[in-house]
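Trainee: One structure is given below, represented as structure tokens, and several questions about it will come after.
Numbering (UniProt numbering), first residue to last: 1 to 577.
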């Protein structure tokens with residue numbers, strides 16, 4: 001779109017939820033013009049012309065990525081939303097500055113000039129995604145969330161500039177330190193209800209994902225409370241009972257009176273999706289819940305064009321049990337000398353995870369449900385951590401050390417700066433998740449998976465005003481009696497009985513370990529042959545084959561390690577031409 005005076009040209013991806021309010025602000029600021037329509041892009045262009053980039057970005061509420069060319073200053077500006085809901089890649093290829101919301105567009109235009117970045121590959125193997133600002137290709141970067149970038153010429157590609165950040169202690173937008181529990185819940189309800197209301201505005205059919213967990217159930221409750229008709233809700237279930245939460249979603253939908261649809265996923269459905277994953281996630285991506293995400297998106301698109309989700313609740317409101325577990329474990333083990341912990345770790349690893357499963361089988365049932373071989377082996381990997389930051393990022397990694405898995409990596413991966421000076425360890429873990437795990441894993445999974453079905457997803461919990469509120473609350477206000485997301489749970493109780501959602505978090509996972517030994521085995525074996533691994537030259541063949549054989553004979557559950565490798569191998573197969 002071109003501005004009225006033809007100075008600015010913009011390409012835009014996303015939604016500006018407050019564009020009507022911005023339009024009124026612009027008029028109140030003295031802007032006189034004839035509006036051509038009711039587009040958020042037109043309002044954005046007008047704001048950039050009147051306010052400039054920084055002030056415009058500070059006033060936007062939404063999910064977006066855009067590039068705007070200024071004919072007068074001869075500069076192009078790239079910008080990305082605060083939480084990283086929409087992607088934006090950029091870089092210099094040869095003598096050209098390139099940018100796109102999809103890496104495949106850059107690959108199509110400049111494929112012969114692109115080389116795989118082995119350091120980025122090592123990070124992918126560790127985390128299951130390539131962390132921002134890197135991409136899988138050398139010289140191509142992702143613009144960080146809440147940043148913009150000005151480019152005047154190839155010699156003046158400046159560093160990205162932040163326009164927003166999560167508040168820290170002393171920078172709080174909301175002072176709720178002395179608020180009562182009810183006041184906290186009321187404020188959260190007010191902010192979240194407003195976010196839901198703004199994101200329900202659409203000129204196409206709209207619905208919501210409903211898993212039966214706290215976050216999606218709360219979003220659906222707030223949607224239904226603001227709608228005069230039954231809203232549409234969608235869920236996906238699994239034929240394996242231990243992974244299936246569809247009955248909980250169905251019960252909540254019935255209680256709220258939504259128009260509910262469910263779809264059950266089997267191994268055959270996963271097999272049908274896998275060949276398409278490299279095209280859908282045009283950068284290697286290995287969160288296996290990508291498969292149910294794609295399938296529920298396809299089902300949802302048959303009925304509506306926009307779906308609201310509960311993404312962000314765990315990261316913002318301390319919902320993951322791992323926050324408390326990690327903080328508690330570190331508080332206990334940090335008193336032991338590092339060499340002693342390393343000896344303990346070695347001792348625990350002397351028995352395989354299958355062996356530990358046999359040991360755990362004689363424990364009382366109440367203990368056996370919390371302790372198994374995989375968890376013990378996982379803990380052994382974390383005991384040698386030098387600080388809490390290293391422990392937490394280790395917990396969030398599949399391969400603890402990728403330096404000897406990925407070939408051609410000169411230096412070990414740099415860890416996160418220690419958090420020992422932090423007042424609140426749980427806040428630091430949440431902050432890390434919001435800055436890396438959320439935008440690079442969860443939001444990539446949902447955005448690419450949904451867009452592959454031409455479905456637009458919106459996440460009210462990621463409204464930046466809700467995020468600011470969440471980080472204005474202390475861990476004691478977020479966690480009560482060992483249970484996280486306390487304000488969200490209390491708010492949900494106003495709509496749904498506690499018995500409907502008060503259960504351990506199951507997540508959106510698939511029975512990957514079983515499937516890799518069954519219906520996915522042939523596909524995986526073909527990608528992991530010794531001949532292929534040696535010919536391609538990216539991985540230490542012996543280590544990958546060892547992990548594969550350990551998984552197949554049941555000695556260890558290597559499913560998550562292997563899925564990272566398999567997703568790269570599958571992506572490479574489609575992108576090596």
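For every residue, glycine included, the Cβ atom is placed at its ideal position computed from N, Cα and C.
Since the structure is predicted, the reported quantities are computational estimates derived from the model, not experimental observations.
#1: Rounded to the nearest angstrom, how far is the Cβ of residue 281 from that of residue 53, given a contact under 8 Å?
#2: Enumerate in chain order the residues of its own chain whose CB-to-CB distance from residue 467 is below 6 Å, with the five nearest sequence positions on each side excluded.
#3: For a test of the three-state rule: what should DSSP assign to residue 262, helix, strand or coil?
#4: On the premise that residue 222 lies in contact with residue 192, defined as a C-beta separation below 8 Å, what is that separation, rounded to the nearest angstrom?
#5: Within the chosen definition, does the region 429-446 reach the region 73-86 through at least 3 CB pairs nearer than 8 Å?
#6: Threshold first: 4 residues or longer. Then list the alpha helix (DSSP H) segments lying entirely within the region 342-405, N to C.
#7: I need the boundaries of the alpha helix (DSSP H) containing residue 523, first residue and last residue.
#8: If I'm right that residue 391 touches residue 382 with Cβ under 8 Å, what's the distance once you round it to whole angstroms?
#9: Go through its chain and collect everything with a Cβ distance to residue 101's Cβ below 8 Å, but skip five positions before and after it.
#10: Between the region 555-573 and the region 272-280, can you find at least three pairs of beta-carbon atoms closer than 8 Å?
#11: Reducing DSSP to helix, strand and coil, say where residue 460 ends up.
#12: Hey, would you say residue 406 sits closer than 8 Å to residue 209, going by beta carbons?
#13: For residue 165, does the three-state DSSP call read helix, strand or coil?
#14: Of the residues 323, 184, 302 and 7, which one's Cα is nearest the Cα of residue 233?
#15: Unbroken beta strand (DSSP E) runs of length 3 or more, entirely within the UniProt domain "Glutamine amidotransferase type-2" (1-154): which are they?
#16: What is the C-beta distance between residue 461 and residue 313, in whole angstroms, given that I count them as a contact (C-beta under 8 Å)?
#17: Just the Cα atoms here: how many angstroms apart are residue 473 and residue 249?
#18: Would you kindly work out how many angstroms separate the C-alpha atoms of residue 377 and residue 47, rounded to a whole number?
#19: By the three-class DSSP mapping on this structure, what secondary structure does residue 575 have?
#20: Once the 5 residues before and after residue 475 are set aside, which same chain residues still bring their CB inside 7 Å of it?
#21: Give, in chain order, every unbroken run of the beta strand (DSSP E) that is at least 3 residues long and sits entirely within the region 279-353.
#22: Look at the alpha carbon of residue 137 and the alpha carbon of residue 202, and state the distance between them as a whole number of angstroms.
#23: With respect to the alpha helix (DSSP H) encompassing residue 425, which residues constitute its N-terminal and C-terminal limits?
#24: List the endpoints of the continuous beta strand (DSSP E) containing residue 234.
#25: Buried or exposed: where does residue 564 fall if 16 or more other Cβ atoms within 10 Å of its Cβ makes it buried?
#26: Return helix, strand or coil for residue 488, following the three-state DSSP convention.
#27: How far does the beta strand (DSSP E) with residue 206 in it extend, from its first residue to its last?
#28: Does residue 446 pass the burial test, meaning 16 or more other C-beta atoms within 10 Å, or should it be called exposed?
#29: Suppose the cutoff is 8 Å on Cβ atoms and the five residues either side in sequence are ignored; what does the same chain contact list for residue 530 look like?
#30: Within a Cβ cutoff of 8 Å, which residues of the same chain sit near residue 490, ignoring the five residues on either side of it in sequence?
#31: Identify the continuous alpha helix (DSSP H) that holds residue 550 and give its terminal residues.
#32: Counting only the same chain and skipping the five closest in sequence on each side, list residues whose C-beta sits under 8 Å from that of residue 94.
#33: Can you list, in chain order, the residues of its chain whose CB lies under 8 Å from that of residue 255, leaving out five sequence neighbours each side?
#34: Could you pull the DSSP bridge partners for residue 483 from this structure?
#35: With C-beta atoms as the reference, is residue 550 less than 8 Å away from residue 126?
#36: Please report the straight-line C-alpha distance between residue 273 and residue 231, rounded to a whole angstrom.
Mentor: Reading it off the structure:
#1: As a working mapping, residue 281 is identified with position 281 in the chain shown. As a working mapping, residue 53 is identified with position 53 in the chain shown. Contact doesn't hold; Cβ gap of about 30 Å is too wide.
#2: As a first step, residue 467 is located in the chain shown; it is residue number 467 there, counting from the start. Non-local beta-carbon contacts of residue 467 in its own chain, meaning distances under 6 Å to residues more than five positions away in sequence, involve 316 in chain order.
#3: Working through the chain shown from its first residue, we reach residue 262 at position 262. Strand at residue 262.
#4: Locating residue 192 in the chain shown gives position 192, counting from the first residue. Locating residue 222 in the chain shown gives position 222, counting from the first residue. So it is a contact: roughly 6 Å between Cβ atoms.
#5: yes
#6: 353-360, 365-368, 373-382 and 388-395
#7: Stepping through the chain shown from its first residue, residue 523 is reached at position 523. From DSSP, the alpha helix (DSSP H) with residue 523 extends over 521-527.
#8: If you number the chain shown from 1, residue 391 lands on position 391. If you number the chain shown from 1, residue 382 lands on position 382. Between residue 382 and residue 391 the Cβ distance is about 5 Å, and since that is below 8 Å, they are a contact.
#9: Here the question's residue 101 lines up with position 101 in the chain shown. Closer than 8 Å at Cβ, skipping near neighbours: 13, 65, 86, 87, 88 and 89.
#10: yes
#11: Sequence index remark: in the chain shown, residue 460 carries index 460 (1-based). Helix at residue 460.
#12: Looking up residue 406 in the chain shown gives position 406. Looking up residue 209 in the chain shown gives position 209. Taking 8 Å as the Cβ cut-off, residue 406 and residue 209 do not qualify as a contacting pair.
#13: Locating residue 165 in the chain shown gives position 165, where the first residue counts as 1. Residue 165 falls in the coil class under three-state DSSP.
#14: Numbered from its first residue, the chain shown carries residue 233 at position 233. Selected option, being the one with the closest Cα: 302.
#15: 8-16, 62-70, 75-80, 89-93, 96-100, 140-142 and 147-151
#16: Counting from one through the chain shown, the residue named residue 461 turns up at place 461. Counting from one through the chain shown, the residue named residue 313 turns up at place 313. Correct: roughly 5 Å between the Cβ atoms.
#17: To locate residue 473, count along the chain shown from 1; it is residue 473. To locate residue 249, count along the chain shown from 1; it is residue 249. Cα-Cα distance, rounded: 29 Å.
#18: Taking the chain shown and counting its residues from 1, the one referred to as residue 377 is at position 377. Taking the chain shown and counting its residues from 1, the one referred to as residue 47 is at position 47. One C-alpha to the other measures close to 55 Å.
#19: Against the chain shown, residue 575 aligns to sequence position 575. The answer is helix: DSSP assigns residue 575 an H, G or I state.
#20: Numbered from its first residue, the chain shown carries residue 475 at position 475. The residues are 318, 424, 426 and 427.
#21: 306-308
#22: In the chain shown, counting from the first residue as 1, residue 137 sits at position 137. In the chain shown, counting from the first residue as 1, residue 202 sits at position 202. Cα-Cα distance, rounded: 37 Å.
#23: Residue 425 sits at position 425 when you count from the first residue of the chain shown. Residues 425-432.
#24: Taking the chain shown and counting its residues from 1, the one referred to as residue 234 is at position 234. Start and end: 232-238.
#25: The count along the chain shown starts at 1 and reaches residue 564 at position 564. Burial call: buried.
#26: Taking the chain shown and counting its residues from 1, one reaches residue 488 at position 488. Of the three classes helix, strand and coil, the one that applies to residue 488 here is helix, per DSSP.
#27: Locating residue 206 in the chain shown gives position 206, counting from the first residue. Its beta strand (DSSP E) spans residues 206-209.
#28: Working through the chain shown from its first residue, we reach residue 446 at position 446. Label assigned to residue 446: buried.
#29: Reading the chain shown from its first residue, position 530 is the one you call residue 530. Listed in chain order, the non-local C-beta contacts of residue 530 below 8 Å within the same chain comprise 541 and 545, local neighbours out to five positions each way being set aside.
#30: Translated into the one-based positions of the chain shown, residue 490 becomes position 490. Excluding positions up to five away in sequence, the list reads 181 and 185.
#31: As a working note, residue 550 is residue 550 in the chain shown. Its alpha helix (DSSP H) spans residues 541-552.
#32: Locating residue 94 in the chain shown gives position 94, where the first residue counts as 1. Contacts found: 110 and 113.
#33: Position 255 of the chain shown holds residue 255. Excluding positions up to five away in sequence, the list reads 496, 497 and 500.
#34: Translated into the one-based positions of the chain shown, residue 483 becomes position 483. Bridge partners of residue 483: 480.
#35: For the purposes of this step, residue 550 is taken as residue 550 along the chain shown, with counting starting at 1. For the purposes of this step, residue 126 is taken as residue 126 along the chain shown, with counting starting at 1. Taking 8 Å as the Cβ cut-off, residue 550 and residue 126 do not qualify as a contacting pair.
#36: In the chain shown, counting from the first residue as 1, residue 273 sits at position 273. In the chain shown, counting from the first residue as 1, residue 231 sits at position 231. Near 28 Å, if we compare the C-alpha coordinates of residue 231 and residue 273.
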